[in-house]
Amino acid sequence: MAGGGRSAALDLLKTALVAGMISAHVIQLVAEAPPEAAWRWSEFVNLVTFSGFLLAFGIGVGLSGRRRRGLGERATPVVKLLLAVWASSFGYLLLVEREPLTRGLVENVLTTRVLYGWSEFLTSFLVLYLAIAVARPLLLALGTHPRWLVAASVLGLASTMVTTHRLWPLVGGVIGHEEYPNFPLLAYLPWFLVGVHHGAGGRRVGGGDLAVGAALTGAFGLWVWQHHGRWPERFPPSVLWVVGSGLGLVAYVWVAERVAPWVPRPGLTLAAGRHVLASLVASNLAIFGVRYLWGFPVRGGWAIAAVALGLMLGVTLWAAALDRWADRRGIG
């Protein structure tokens, strides 16, 4: 990716990731007896999407370079993410699990000592943006110096061997946890750093990148074949789970870079990609609400596709409204 400011290819990549996550959440949370093809799609989305968001966020950091940011600009994403974690966690507990609001539960959510269903990834985003707020120059250096990138990636993958059962604030966003599903930032950090490298490099994905991605996914596929269809461990993640998305992510970026020039900007199409957090939280709360009101009302592959498309349209309109609000307030 080349060029300063917001990249249309980056917005398209993030829009595709949002759409994938929404479709998977529909399948997992409100579809009754989904067909095999839907479950396979959901598994693919599980494999590529969290890594894909870290890659995309890294590309954004790489594209924006070393521009100095004030404390308010650095703190705003952190505050928004903390509010998103709380909103999605309470939504899941009240609407899906139908838990009573006890003091202990509220403390667990507010302190992030425990991470709750379909909201865990937001805590990892929170930890990432805390790191960006306090150590952006270091992250840029790690991503833009090849030797440092390799060393940091090896250490990140090695962190998959470190897990905990401690219920400490934010710990589930940092390392693997034994008590609940989580997406430890250290394990997935290589994808963020690769994104920084790609965003800062000013080039498009090429054949060499596709070959590396194919090798990573090939290692994943070989393991699956040797274990008779069983996938590598996801919670806490194994090295093969983290790298297994390689070919899919390279393909996502390759397509985004070549399709983006044909997509009108800023336009409606990429609005969800410009407002990832708002789109994900809104879709989560909508799906949780459907689950609360109707249980598993979605039946069949076509119904799953229709509901996912409807939700994607809804969050796109919501994100476009946020664009208009920002324009009126002069927020760039």
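In the working numbering, the protein residues as written are -12 to 319.
Beta carbons are placed, not taken as given, at the ideal position from N, Cα and C, and that holds for glycine.
Give every residue of the same chain whose Cβ lies closer than 7 Å to the Cβ of residue i, excluding the five residues on either side of it in the sequence, and list them in chain order.
i: Val17; result: Ile274, Val277, Arg278, Phe283, Pro284 and Val285
i: Phe112; result: Leu68
i: Tyr116; result: Pro64, Val65 and Leu68
i: Val246; result: Leu(-1)
i: Pro21; result: Ile14 and Ile291
i: Ile162; result: Ser146, Val149, Thr150, Thr151, Pro171 and Leu173
i: Gly49; result: Gly130, Gly182, Val183, His184, His185, Gly186 and Ala187
i: Leu136; result: Leu129, Gly130, Leu180 and His184
Considering only DSSP beta bridges, list what residue i is partnered with.
i: Ala286; result: Note that residue 286 is Arg in the sequence shown, not Ala. Bridge partners of Arg286: Glu19.
i: His322; result: Given that the chain is displayed from residue -12 to residue 319, the structure contains no residue 322 and the question cannot be resolved.
Going by beta carbon distance, what residues of the same chain come within less than 8 Å of residue i, once the five residues before and after it are set aside?
i: Leu102; result: Ser76, Thr110, Gly159, Gly160, His164, Tyr167, Pro168 and Asn169
i: Arg79; result: Note on residue identity: the sequence assigns Tyr, not Arg, to residue 79. For Tyr79, where only same-chain residues beyond five positions count, the Cβ hits under 8 Å are Tyr103, Gly104, Trp105, Ser106, Asn271 and Phe275.
i: Ala307; result: Leu255 and Ala258
Tell whether a beta-carbon distance below 8 Å holds between residue i and residue j.
i: Gly309; j: Leu68; result: It is Leu, not Gly, that sits at residue 309 in the sequence shown. Cβ distance not < 8 Å, so Leu309 and Leu68 don't count as in contact.
i: Leu172; j: Arg100; result: no
i: Gly130; j: Ala187; result: yes
i: Val226; j: Thr147; result: yes
i: Thr150; j: Pro219; result: no
i: Phe180; j: Gly297; result: In the sequence on display, residue 180 carries Leu and not Phe. Their beta carbons are not under 8 Å apart, which means Leu180 does not touch Gly297 by this criterion.
i: Ala74; j: Val268; result: yes
i: Val192; j: Val237; result: yes
i: Val35; j: Gly235; result: yes
i: Ala(-4); j: Glu244; result: yes
i: Ala11; j: Asn33; result: yes
i: Ala118; j: Leu126; result: yes
i: Trp178; j: Leu81; result: no
i: Tyr239; j: Gly91; result: no
i: Lys1; j: Gly260; result: yes
i: Ser266; j: Val302; result: yes
i: Val114; j: Leu176; result: no
What first and last residue would you give for the alpha helix (DSSP H) that runs through residue i?
i: Val211; result: Gly194 to Gln213
i: Trp73; result: Leu58 to Gly78
i: Pro251; result: Segment: none, Pro251 is in no alpha helix (DSSP H) and carries neither H nor E.
i: Pro133; result: Pro133 to Ala145
i: Gly235; result: Gly233 to Val246
i: His184; result: Leu172 to Gly188
i: Gly216; result: No alpha helix (DSSP H) holds Gly216; DSSP gives it neither H nor E.
i: Tyr279; result: Val263 to Trp281
i: Arg90; result: Arg90 to Thr98
i: Val83; result: Here Val83 belongs to no alpha helix (DSSP H), and DSSP marks it neither H nor E.
i: Ala158; result: Note that residue 158 corresponds to Val in the displayed sequence, not to Ala. That residue, Val158, is in no alpha helix (DSSP H); it is neither H nor E in DSSP.
i: Trp228; result: Val226 to Val230
Excluding the five sequence neighbours on either side, which residues of its own chain have a C-beta within less than 6 Å of the C-beta of residue i, listed in chain order?
i: Ala6; result: Met299
i: Leu203; result: Val230 and Gly233
i: Arg221; result: Trp228
i: Arg53; result: none
Within 10 angstroms of the Cβ of residue i, are there 16 or more other Cβ atoms? Answer buried if so, exposed if not.
i: His132; result: exposed
i: Gly(-10); result: In this predicted model, Gly(-10) has a pLDDT of only 49, less than 50, meaning its place in the structure is not dependable; the value taken from the coordinates is given anyway. Counting Cβ neighbours within 10 Å, Gly(-10) comes out exposed, since fewer than 16 surround it.
i: Leu142; result: exposed
i: Arg134; result: exposed
i: Trp281; result: exposed
i: Glu395; result: Here the chain comprises residues numbered -12 to 319, so residue 395 is not present and cannot be evaluated.
i: Asp314; result: exposed
i: Gly(-8); result: Any reading at Gly(-8) must be qualified, since the residue scores a pLDDT of 35, below 50, and its modelled position is unreliable; the value itself is stated next. Per the 10 Å Cβ criterion, exposed.
i: Leu144; result: buried
Answer yes or no: the CB of residue i versus the heavy atoms of the ligand COA, is any distance below 7 Å?
i: Gly52; result: With respect to the ligand COA, the structure shown offers nothing to examine, as it has no ligands at all.
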